[in-house]
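A.B. asks: Numbering (the working numbering), first residue to last: 418 to 700.
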Amino acid sequence: MAAPMPGLTVRPMTFEEVRDLAVPWAASEGWNPGLNDAAVFYATDPQGFFVAENQGQALGCISAVNYGDVYCFLGFFLVRADMRGRGIGMAMSQAALAHAGQRIMGLDGVVAQQDNYRSAGFEPAFKSVRYARPGGGDEPGGAMELATLPWEMVLAYDLAHFPAPRHEFLRAWLAMPGATALGMMDSGELAGYGVIRPCQEGYKIGPLFAAGAEEARILYLALASRAQGATVYLDAPHNNPAAVELARELGMEPVFETARMYKNGEPQWLADEVFGITTFELG
């Protein structure tokens, strides 16, 4: 592994740099970030985004977003194409790992980088695949606006399906401009919820949490009906076979693949109720 280039510095990013640098870089890699992701991501952990620079020029970026004291998620790991192989990624990784401390760390690694993550101590847990199909269609009955349900109920349900509390993130995610959040109830209990948001290309659904495949299907179709004339994407975790089967039944096509990897242990959540992860960048 190359030593960092002379004069390289790594420092925290400003919000404007996340919005105007990290997100466009992610878009140029084909990761298709949401149109309004930057504000939500940055507010979740303003100290968790880093830029590598030399003589005032940005050469790469990385994020390490802490959720409380127990969990951190790494993303936005990008080095400018003409600057790769010069130790920039290593220097940024050191800053990100220092910010994470001893927390369990997760990431969704693209295929080309998975060996590098293994060498840094990350172990693969499962594959996630981005699936796509045209949006639109009729909205089925059974789903309701998530905002009409008690906030504490939503928080408790989310915590069962994500490794750590994420109150600040979730409040902003659900209120994101252009986003729609729907839920389903069963016998007075929340039986699932999902969010669809506009992206650089089409829309993404994430998260998609549900008690079973039928609830997930209803939520998916209800959300996708809000995306008339656009492509809808779903990042389905392959540690839930029902999520993969749902994508197949809906006629979705695979377009992108990552591996969920962990360091410092593996968190626990109701994996068989996760039909779509929230985002590859923040978990």
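For each residue, glycine too, the CB sits at the ideal point set by N, CA and C.
All values derive from a computational prediction rather than experimental measurement.
Please decide whether N681 counts as near chain C, where near means a Cβ-Cβ distance under 8 Å.
C.D. replies: The structure shown contains no chain C; it holds only a single protein chain.
A.B. asks: Quick one, are the C-beta atoms of N449 and M593 less than 8 Å apart?
C.D. replies: With a cutoff of 8 Å on beta-carbon distance, N449 and M593 are scored as not near each other.
A.B. asks: So for M422, helix, strand or coil by DSSP?
C.D. replies: coil
A.B. asks: Out of curiosity, what's the CA-to-CA distance linking G693 and P654?
C.D. replies: 7 Å
A.B. asks: Using a Cβ-Cβ cutoff of less than 7 Å, which residues in the same chain neighbour V457 once the five nearest sequence positions on both sides are dropped?
C.D. replies: F586, A589, W590 and M593
A.B. asks: Taking the alpha carbon of L651 as the reference point, which residue from R643, V661 and V435 has its own alpha carbon closest?
C.D. replies: V661
A.B. asks: Would you kindly check if the distance between the Cβ of F467 and the Cβ of C478 is under 8 Å?
C.D. replies: yes
A.B. asks: Report the start-end ranges of each beta strand (DSSP E) in the stretch 603-675 that is 3 residues or longer and not cut off at the edges.
C.D. replies: 606-615, 620-627 and 648-654
A.B. asks: Does DSSP put G595 in a helix, in a strand, or in coil?
C.D. replies: G595 falls in the coil class under three-state DSSP.
A.B. asks: Compute the beta-carbon to beta-carbon distance between P541 and A688, rounded to the nearest angstrom, for a pair I have assumed lies under 8 Å.
C.D. replies: Contact doesn't hold; Cβ gap of about 15 Å is too wide.
A.B. asks: Is there contact here, the stretch 498-516 with the stretch 635-652, by at least three beta-carbon pairs under 8 Å?
C.D. replies: no
A.B. asks: Just to confirm, is the Cβ distance from M669 to R550 under 8 Å?
C.D. replies: yes
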